[in-house]
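These protein sequences, in sequence, are chains A and B. The letter at position 19 of the first sequence is residue 19 when you use the numbering used here, and the numbering goes up by one with no holes. The letter at position 172 of the second sequence is residue 1172 when you use the numbering used here, and the numbering goes up by one with no holes. Remarks on the structure that follows.
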Amino acid sequence: MNVEPRPIRRKFATPGVAALILLALPGTAVIVFRLFAGLSAVTNLDHQHPWGLWIAIDVATGVALAAGGFTTAAIVYIFHREQYEALARPALLTALLGYTFVGLGLMVDLGRYYNIWHPAWPTMWQGNSVLFEVGMCVMCYLTVLYVEFLPAVCQPFIGRTAYPRLGRFCTSVNRVVERTVFLFIIAGVVLSCLHQSSLGTLMLIAPTKVHALWWTPILPLLFLISAIAVGIPIVIFESLYSSWSFGLKPEVDILSRLSKWVPPILGVYLAFKLGDLLIRGRFGLLADGSVPSLCFLAEIGLGVAVPMLLLLSDRVRRSGTGMLASSVLVVFGVALNRINVFLVSYEPPYATKTYFPSLGEVAVTVALISILILAYRAIVTWLPVLEHHDTDNTGHLTTRGVS
Amino acid sequence: MTSVAGVATTCLVGNDNAHGKSSLNASDHSMGVLVDMPQCIGCRKCEFACQQAEGADVPPINTFEDKTVFDSYRRPSPECQTVVNRFPNPDDADRPVYSKINCLHCLDPACVSACLVGALQRQDDGSVTYDASKCMGCRYCMVACPFQIPSYEYDDAWAPRVRKCTLCFGRFDTATDAPACVKICPNDALVYGKRSELLQLAHDKIDADPDRYVNHVYGEHEAGGTSWLYLSSVPFEDLKFVQLGSTAPPRLTETIQHGVFKYFIPPLALYGVLAMIMRMGREPDGDGQRVDIDAESRAGHLILNAGERNGKQVRHLRRSRMTPSQRPHK
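Structure representation (structure tokens):
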């Protein structure tokens, strides 16, 4: 059943890669321009709308969609569902890259990006700030993710006779990490629970500015549940997508067993979302046909209820396409939720206009996502991340693998 | 000229407060400004004085006599930390109402609670100050402020600052002097003094002349109370003052934060529970739940067919049920 993760070693320069590079170019130019011309030159941010697309997508959605890392780590290593181990390392890499790009996206947005280390400096600690906790947890978690990923970097060098010293060094690093990694795995799950929920606490400080459909004291809980709910779908999506992209055999069996868990979690999330509206007496706001109400309906209807019902069906869960479509819907739902909470719902009292992202902001977000995918592709090409079965030239499985 | 008539004598207490950062307890010792809006004549001298005190390149004072700026509603900006707006007076069309806007210096400021590096601080005298050298420019303070006051130097590529009134902190002696806008006010519309006494003064004014004022001191309770207090002849909502409850916004977020991190017990407890679950799952066999039957049988099938690879597969299968820490090292 288990196959060691191995580098894919496919040709890197494909038309897809070229397309990604093209997508990354305009945004990279915008980032350079922003460094010299300031935020006002490239964004539509103003005194009324201090946070825009970059915070909503690059940071908030980025953190949510990196939840595949801690959910998979918990499933495989804490709850010992080892049959899913093949998914753990790719999910870890996605989380690692996701959080790295959260940091990069944040730096583009920060007015004084060179001060990004300030929250880590003890004289500037400010424990009352929700953002301080988010920042510290993200920094610690990023460190945890890099430590957890060290074996993937070290293993290729172990036993390499060409560089004996490097080989010995990598062997010892690998040994230390493998002996202690359980400490990091648990820490990663704890840190994730903390900051995934705190990301929801962030907007609670502005009760008069956040639309009543989303402002609820249980926002942190909703953020945590939705992060857990999107964990498995993002892993399914990523696994099916990379199989397709690399021409590998998709792990439909493992994934369909894993997808069983998605509807119950989505059900809990939906119950909390609707129950919260009922208890706060805000159900009526859904019927007013405004942009926020439509966004809310899209978020919980298309993004939660529909994939939940889809994944309840055996037929959907057994088909790669079915799982891919339902996973994409869940990812859409949680991403839209973060965009709703940080952008759509934000209604400052003295707003004279509504915020809409500029072309420059969109270009930067597209560039960051493209570079992230490129980095993922490069890393799985040359480092042992994906567990895959050798195929011969005709595409048939060799004896090494099993279907 | 303003003054601080009668209140000045008690100002000395302001600096003696040793409570420091504890914003909730400081309310009794904090200083503030009472804005008597019916007294304001819209001369905009406070705007001039403010810009001058901030060290900006200020146009001559007579340019501030330009009344056309009142045609549109203005908000504080990086250039002007205080602005005066004009509103129609329903009782007397010839005497419009002027309202000065600036940071209200909350007793429990949301911006201070939000700032993750402590660049925004509430000082002992009640002023909420900003230290640009600590700031990383995340602009969460702007999200947090219920009065939508802080503005940002988006045009500055290298060292943009958050801009807001600092009550001229550090520029004058709180015991004997007043902030720039208060000092220049020609019509006693602004009074600087101890907040508790200004509050008394405000209520006395309402009691003495109930026809002149609506019975509401804005800032007494709004957002947990503010150092700036306002008296008005027309309802505050007609002057675009936001309607706020009496709970300071940080009360909820800080309660959640400090609850989640109480003595670090909840995170450590979660760590412990997860570690226990991880450890329990490690017990050798017996627990059929953990073993995936399909995978086992398929693996078994594989072992039978795998010929010389047999040993390796068995090792892999066993390995896969261990935590990474138990794995044999290569």
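The beta-carbon is built from N, C-alpha and C at its ideal position, and this holds for glycine as well. As the structure is a computational prediction, the values presented were derived from the model and not from experiment.
Just to confirm the assignment, what range does the beta strand (DSSP E) spanning threonine 161 (chain A) have?
Taking the first sequence and counting its residues from 1, one reaches residue 161 (chain A) at position 161. DSSP places threonine 161 (chain A) outside any beta strand (DSSP E), giving it a letter other than H or E.
Along the beta strand (DSSP E) that carries lysine 249 (chain A), what are the first and last residues, could you check?
By 1-based counting over the first sequence, the position of residue 249 (chain A) is 249. Neither: lysine 249 (chain A) is in no beta strand (DSSP E) and is coded neither H nor E.
Span separating the alpha-carbon of threonine 352 (chain A) from that of leucine 65 (chain A):
Here residue 352 (chain A) corresponds to residue number 352 of the first sequence, with the count starting at 1. Here residue 65 (chain A) corresponds to residue number 65 of the first sequence, with the count starting at 1. Whole-angstrom Cα-Cα distance: 33 Å.
Between the alpha carbons of glycine 135 (chain A) and glutamate 1254 (chain B), how many angstroms are there, rounded?
For this step, residue 135 (chain A) is matched to residue 135 along the first sequence. For this step, residue 1254 (chain B) is matched to residue 254 along the second sequence. In a straight line, the C-alpha of glycine 135 (chain A) is about 16 Å away from that of glutamate 1254 (chain B).
Nearest candidate by alpha-carbon position, reference alanine 1175 (chain B), set B:Lys1205, B:Trp1158 and B:Asp1125
Within the second sequence, residue 1175 (chain B) is the residue found at index 175, counting from 1. Selected option, being the one with the closest Cα: B:Asp1125.
Starting from isoleucine 186 (chain A), find everything on chain D with Cβ-Cβ shorter than 7 Å and list it in chain order.
Absence of chain D from the displayed structure is noted, the protein chains being A and B.
Select from the stretch 181-209 of chain A all residues with a C-beta closer than 9 Å to any C-beta belonging to chain B, and list them in chain order.
Val181, Phe182, Leu183, Ile185, Ile186, Ala187, Val189, Val190, Leu191, Cys193, Leu194, Ser197, Ser198, Thr201, Leu202, Met203, Leu204, Ile205, Ala206, Pro207, Thr208 and Lys209
State the DSSP-derived secondary structure class of serine 358 (chain A), mapped to helix, strand or coil.
Position 358 of the first sequence, counted from the start, is the residue given in the question as residue 358 (chain A). Residue state, collapsed to three classes: coil.
Can you name the residues of chain A whose CB is closer than 8 Å to the CB of glycine 1137 (chain B)?
Working through the second sequence from its first residue, we reach residue 1137 (chain B) at position 137. Within chain A, the C-beta atoms nearer than 8 Å to that of glycine 1137 (chain B) come from Leu110, Gly111, Arg112, Tyr113 and Asn115, in chain order.
Where do the N-terminal and C-terminal ends of the alpha helix (DSSP H) with lysine 1100 (chain B) fall, by residue?
As a position in the second sequence, residue 1100 (chain B) is number 100, starting the count at 1. No alpha helix (DSSP H) contains lysine 1100 (chain B), which is instead part of the beta strand (DSSP E) from 1097-1101.
What are the residues of the stretch 66-80 of chain A that lie near chain B, defined by any Cβ-Cβ distance shorter than 8 Å?
Ala74, Tyr77, Ile78, Phe79 and His80
Just curious, the alpha helix (DSSP H) that asparagine 431 (chain A) is in, first and last residue?
No statement about residue 431 (chain A) is possible, as the shown extent of chain A runs from 1 to 403 and does not include it.
What's the C-alpha gap between valine 102 (chain A) and histidine 1203 (chain B)?
For the purposes of this step, residue 102 (chain A) is identified with residue 102 of the first sequence, where counting begins at 1. For the purposes of this step, residue 1203 (chain B) is identified with residue 203 of the second sequence, where counting begins at 1. If you take the alpha carbons of valine 102 (chain A) and histidine 1203 (chain B), they lie about 51 Å apart.
Report yes or no: do three or more beta-carbon pairs, one from the stretch 149-165 of chain A and one from the stretch 186-202 of chain A, lie closer than 8 Å?
no
Determine contact between the stretch 206-213 of chain A and the stretch 182-195 of chain A, defined as no fewer than three beta-carbon pairs at a distance below 8 Å.
With the cut-off at 8 Å, the stretch 206-213 of chain A and the stretch 182-195 of chain A do not touch.
Since alanine 60 (chain A) contacts arginine 338 (chain A) with CB under 8 Å, what's their CB separation in whole angstroms?
The count along the first sequence starts at 1 and reaches residue 60 (chain A) at position 60. The count along the first sequence starts at 1 and reaches residue 338 (chain A) at position 338. Rounded, the Cβ-Cβ distance is 4 Å, consistent with contact.
Beta carbon of cysteine 137 (chain A), beta carbon of leucine 191 (chain A): below 9 Å?
The residue you call residue 137 (chain A) lines up with position 137 of the first sequence. The residue you call residue 191 (chain A) lines up with position 191 of the first sequence. Yes, the pair counts as a contact, with Cβ atoms nearer than the cut-off.
Chain B contact residues for glycine 463 (chain A), given Cβ-Cβ distances below 7 Å:
Absent from the model: residue 463 (chain A). The displayed extent of chain A is 1 to 403, so no value can be given.
Checking contacts by CB at 9 Å: is alanine 1178 (chain B) closer than that to chain A?
As a first step, residue 1178 (chain B) must be located in the second sequence, where it is residue number 178. Output row for alanine 1178 (chain B): interface = no.
Could you tell me whether the stretch 1104-1116 of chain B touches the stretch 1219-1227 of chain B, where touching means 3 or more Cβ pairs closer than 8 Å?
yes
Below 8 Å on the Cβ atoms is my contact criterion, and I expect glycine 1032 (chain B) with leucine 1198 (chain B) to pass it. Report the Cβ-Cβ distance as a whole number of Å.
Stepping through the second sequence from its first residue, residue 1032 (chain B) is reached at position 32. Stepping through the second sequence from its first residue, residue 1198 (chain B) is reached at position 198. Correct: roughly 5 Å between the Cβ atoms.
In the DSSP assignment, find the beta strand (DSSP E) that holds lysine 1183 (chain B) and state where it starts and stops.
Here residue 1183 (chain B) refers to the residue found at position 183 of the second sequence. Note, lysine 1183 (chain B): premise wrong, no beta strand (DSSP E); alpha helix (DSSP H) at 1180-1184.
Quick one: give me the first and last residue of the alpha helix (DSSP H) that methionine 1037 (chain B) is part of.
As a position in the second sequence, residue 1037 (chain B) is number 37, starting the count at 1. Here methionine 1037 (chain B) belongs to no alpha helix (DSSP H), and DSSP marks it neither H nor E.
Starting from glutamine 1200 (chain B) and walking both ways along the alpha helix (DSSP H), at which residues does that stretch end?
Position 200 of the second sequence holds residue 1200 (chain B). Per DSSP, glutamine 1200 (chain B) belongs to the alpha helix (DSSP H) from 1195-1208.
Alpha-carbon spacing of proline 26 (chain A) relative to tryptophan 244 (chain A), whole angstroms:
Along the first sequence, one-based indexing puts residue 26 (chain A) at 26. Along the first sequence, one-based indexing puts residue 244 (chain A) at 244. Roughly 27 Å between the two C-alpha positions.
Am I right that glycine 303 (chain A) and leucine 336 (chain A) are in contact with their C-beta atoms under 8 Å? What's the rounded C-beta distance?
Counting from one through the first sequence, the residue named residue 303 (chain A) turns up at place 303. Counting from one through the first sequence, the residue named residue 336 (chain A) turns up at place 336. Indeed, because the Cβ distance is near 6 Å, the residues count as touching under 8 Å.
Report the residues of the stretch 1072-1096 of chain B with a CB closer than 7 Å to any CB of chain A, ordered along the chain.
If the cut-off is 7 Å between Cβ atoms, the stretch 1072-1096 of chain B has Arg1075 and Ser1077 near chain A.
What did DSSP end up calling proline 1078 (chain B) once you bin it into helix, strand or coil?
What you label residue 1078 (chain B) is simply residue 78 of the second sequence in a count that begins at 1. Shown here, proline 1078 (chain B) sits in coil according to DSSP, grouped into three states, outside any helix or strand.
From the DSSP secondary-structure annotation, give me the bridge partner or partners of tryptophan 1228 (chain B).
Numbered from 1 along the second sequence, position 228 holds the residue referred to as residue 1228 (chain B). DSSP output for tryptophan 1228 (chain B) lists B:Val1033 as bridge partner(s).
Under 8 Å by beta carbon: chain B residues contacting phenylalanine 132 (chain A):
Locating residue 132 (chain A) in the first sequence gives position 132, where the first residue counts as 1. Result: Leu1116 and Val1117.
Taking buried to mean at least 16 other C-beta atoms within 10 Å of its own C-beta, is valine 268 (chain A) buried or exposed?
The count along the first sequence starts at 1 and reaches residue 268 (chain A) at position 268. With fewer than 16 Cβ atoms within 10 Å of its Cβ, valine 268 (chain A) is classed as exposed.
Quick check on this structure: which residue in B:Pro1186, B:Pro1160 and B:Tyr1271 has the alpha carbon closest to the alpha carbon of leucine 35 (chain A)?
Here residue 35 (chain A) is taken as the residue at index 35 of the first sequence, counted from 1. The shortest Cα separation from leucine 35 (chain A) among B:Pro1186, B:Pro1160 and B:Tyr1271 belongs to B:Pro1160.
DSSP beta-bridge partners for threonine 1174 (chain B)?
Looking up residue 1174 (chain B) in the second sequence gives position 174. According to DSSP, which records beta bridges pairwise, threonine 1174 (chain B) is partnered with nothing at all.
Nearest CA to the CA of alanine 1180 (chain B): which residue from B:Met1037, B:Arg1122 and B:Gly1055?
What you label residue 1180 (chain B) is simply residue 180 of the second sequence in a count that begins at 1. Nearest C-alpha to alanine 1180 (chain B): B:Gly1055.
Is DSSP giving asparagine 1305 (chain B) helix, strand or coil here?
Here residue 1305 (chain B) corresponds to residue number 305 of the second sequence, with the count starting at 1. With a pLDDT of 41 at asparagine 1305 (chain B), under the threshold of 50, the modelled position of that residue is not reliable, and no figure is offered here.
Suppose the cutoff is 6 Å on Cβ atoms and the five residues either side in sequence are ignored; what does the same chain contact list for valine 380 (chain A) look like?
Position 380 of the first sequence, counting from 1, holds the residue named residue 380 (chain A). Excluding positions up to five away in sequence, the list reads Ile8 and Leu386.
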